[in-house]
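So that you can map any letter, position 424 of the sequence shown is 424 in the UniProt record's numbering, and since no number is skipped, the others follow by simple counting.
Notes follow the structure.
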Amino acid sequence: MTYRVAMDIGGTFTDVVAYDEDSGTFFAAKAPTTPGDLAEGVFASLGRAVDSPGDISFFVHGTTQGLNALLERKGARVLLLASAGMRDVYHIARGNRDRMFDLHYRKPKPLVDRCDTVEAGGRLDWRGAELEPLDEDAVRAAARRAKDEGFDAVAVSFLFSYVNPDHELLAAKILEQELGEDVVVVLSHQVAGEWREYERTSSAVLEAYTGPVVRRYLSRIEGRFTEHGLTVPVQVMQSSGGIVNASHARRHPLQTLLSGPVGGTMGGAAAAGLLGRPNAICVDMGGTSFDVSLVLDGRPDVSNEGSADGFPVLMPLVNLHTIGAGGGSLAYAEAGGLRVGPESAGAVPGPACYGRGGTRATVTDANAVLGRVDPEWFAGGHMTLDLAAARQAVGTLAGELGLDPLELAGGICEVANAKMAQAIRTLTVEHGLEPREFVLLAFGGAGPMHAVEIARELGIQEVVVPRFPGAFSAWGMLGTEVRRDLTRQFFTSGDDLDGEAMARALAALEDEALAELAEQGVPVERRRVEHVVDMRYAGQDYTLAVPLLFAAEPATDGFPATAAARFARLHERRYGHATPEAPVEFVTLRSTALGALPEITALPYAADEVAVGAAPRRQVVFDGRPHSTAVLRRERLPAGQCVYGPAIIVEATSTTVVPPDSSVTVDENGFLVIKVGASA
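And the structure:
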């Protein structure tokens, strides 16, 4: 047998999904993440899905190594090399305040101290023409300092390098001659070849800061897989929602920053298509974090810029909003009130009920005390929960707050649900989107346990739990495409547009993009390139990406008017207004190369044909009162079956909670479709 395998290495669990290419069936499994040696958890999880790595024909995985290094401030020590007179660009940053009414707001502390920023003479004008040659002696002095003081990486960000990279390339050549391979050199035009000096510098610093960690991890994991018999390249999920091989990811590590959670968004887009729902809110609640993303008009919500822990980054990435609210989030008392997260018990020691030495109450412990998980068949029977430890942890905190333990357990879940509902509002209500017009797609090990209550807070009427919810991010990776994104500045007003020149620039980008796909091993018949141009009204700062039909379209008659009309429609949809008669400007050309993977032809969903009696029942607490609740095995529920709450549906990777006033139906895809507030 041969398998296509996807893996998501999370903070608490490592999830794997395997597709058997011979039988057309899927397998999902999970094992605890092992922070001391990630490979241990990786192979434990993999061994539950496939017999041998040698049977794998395609392997892709998502990693949070770079993101964790950033969040925990455990990245590389970086020296920043800037143009003369521009030393403070990175520290001055922008003058805007993200939280207008927060009196205690502080900008994130820069990843590079001001004393670790050095200047080099040399100047280009805005067209890229050289005004002053690069001061090579200053670059060599920077290299000596990097070597003498033990810097791990050097980020180079010169003025107007996105137009003419010659100075940065020359600096890189000098640095590599002086430093060898011991120090990573990052060039801003290769990370983000776009205008806006601070954002480009920030992107380069982020890659330099996280890059060495990611490179070491990828080299180590590739080596371990080779030792275990894997014969195909290791593929890595990108923040944009596409995949690349590990060799490319080592050269461009920043593109893996959101590697893990993005798989869930791509799976959400595929699931939305199967459901016939063009708009979906994807919520991924794992052991450590809660990630929210959107599917709009059937496509993942991808932006050409974003932020990572408060630092701007210029690259295509799925719009994700993440908060510290997961099954392992710790509950605690503060100023006489109950707080939940963002601190997590992680994989070690984990929640108290895991029996690994944890003593503090978590969200998972609260669910265990309320009876909402099956202690004998947790994680597909691979774990048995210690209910006594969970009750002790919750009881200890309840004593501090003067509450009954069951009352506190319910409160822990309610506080966590309120935080997660607010995270969803950040991506919807705050952007003019009405959550009630979306379906809530819930996954992650803990997502289906809380989904209905979160939906209730937002007025959402329908919740969908896909197959393999605890490993859904991995499932989403199996159906993604190889992706490469290229950009080129092309600033001109609509009246002055040279359509032929724009078409030539796009053709050059297309050739480069197709060559990138060839390097990734994508067959010719599976390659395609999509183009957009960033446009804005004259005098505006930020832009909208306007799709182009083909690379040569700008050379056709009437293109400026056509593009302006498209821009106006997009502006109307995004901001609620447009000014069609106003002059427009073209700013940036973007080409995305996509390489399709072989199609997956999975068998239709079918329940296990196992003769069973009446479903067991147990007491589960809802709204402070115990209810006699059916405990069902998901794999035994046939398509079309409807179950009225209360019910607990258990499976290998997650648990779905259906409260008393809701009902759940199994659709033809094997998805659980929950009608919120629809009871018998």
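Cβ atoms here follow ideal geometry from the backbone N, Cα and C, with glycine treated the same way.
| query | result |
| --- | --- |
| Option in Thr33, Val17, Asp37, His61 with minimal Cα separation from Ala49 | Val17 |
| Separation of Leu387 from Arg527, as counted between CA atoms | 53 Å |
| C-beta contact flag for Gly494 and Val584 at 7 Å | yes |
| Length-filtered (3 minimum) beta strand (DSSP E) runs lying within the segment 472-531 | 482-493 |
| Whole-angstrom distance between Ser239 and Cys413, CA atom to CA atom | 30 Å |
| Rounded Cβ spacing between Tyr209 and Leu70 (contact assumed at less than 8 Å) | 7 Å |
| Per-residue DSSP class, three states only, for Val183 | coil |
| Every unbroken beta strand (DSSP E) inside the segment 46-117 [3 residues or more] | 56-62, 78-83 |
| Cut-off 7 Å between Cβ atoms - residues of its own chain near Ala596, not counting five sequence neighbours on either side | Glu481, Arg526 |
| Residue range of the beta strand (DSSP E) that includes Gly399 | Unbroken run through Gly399 is the alpha helix (DSSP H), 387-401; no beta strand (DSSP E). |
| Test item: CB-CB of Tyr537 and Ala508 under 7 Å | no |
| Contacting residues, own chain, Cβ-Cβ under 6 Å from Ile649 (five flanking each side not counted) | Leu632, Arg634, Thr656 |
| Cβ separation of Ser57 and Arg4, assumed to be a contact under 8 Å, to the nearest whole Å | 6 Å |
| Inter-stretch contact (C-beta, 8 Å, three-pair minimum) for the segment 58-78 and the segment 145-163 | yes |
| DSSP bridge partner residues for Ile323 (one or two, in chain order) | Phe290 |
| Separation of Ile424 from Arg339, as counted between CA atoms | 19 Å |
| Distance between His571 and Asp135 (C-alpha atoms, nearest Å) | 45 Å |
| Burial state of Gly223 (16 or more Cβ within 10 Å) | exposed |
| Any beta strand (DSSP E) of 3 or more consecutive residues that is wholly inside the segment 599-659 | 617-622, 625-633, 642-644, 647-650, 655-658 |
| Unbroken beta strand (DSSP E) run spanning Thr665, endpoints | 663-666 |
| Which listed residue (Thr64, Ala602, Gly36) has its alpha carbon closest to that of Met7 | Thr64 |
| Residue interval of the alpha helix (DSSP H) (run including Asp148) | 136-148 |
| Close beta carbons around Gly268, own chain, < 6 Å, minus the five adjacent residues each side | Ala280, Cys282, Val295, Leu441 |
| Whole-angstrom distance between Ile454 and Gly310, CA atom to CA atom | 26 Å |
| contact_flag[the segment 246-260, the segment 430-445] where n(CB pairs < 8 Å) is 3 or more | no |
| Sub-7 Å separation of Ala84 and Gly128 beta-carbons | no |
| Cutoff 8 Å; reference Ser188; Cβ partners in own chain excluding five residues on either side | Ala155, Val156, Ser157, Phe158, Ser161, Tyr162, Glu168, Arg200, Thr201, Ser203, Ala204 |
| Cβ-Cβ distance between Gly264 and Ser591 below 7 Å | no |
| Range covered by the alpha helix (DSSP H) that runs through Val413 | Reading off the sequence, residue 413 comes out as Cys, not Val. Note, Cys413: alpha helix (DSSP H), 405-427. |
| Residue from Phe438, Val465, Pro598 with nearest C-alpha to Gly479 | Pro598 |
| Spatial distance of Thr487 from Ala505 (CA atoms) | 10 Å |
| CB of Ala331 within 7 Å of CB of Val369, strictly | no |
| Assigned exposure category for Glu510 - 16 Cβ within 10 Å defines buried | buried |
| Inter-stretch contact at 8 Å, needing at least 3 Cβ pairs: the segment 421-438 / the segment 388-398 | no |
| Neighbourhood of Glu457 by C-beta, 8 Å cutoff - its chain only, sequence neighbours within 5 removed | Asn417, Ala418, Ala421 |
| For Gln489 and Glu194, believed in contact at Cβ under 8 Å, the rounded distance | 7 Å |
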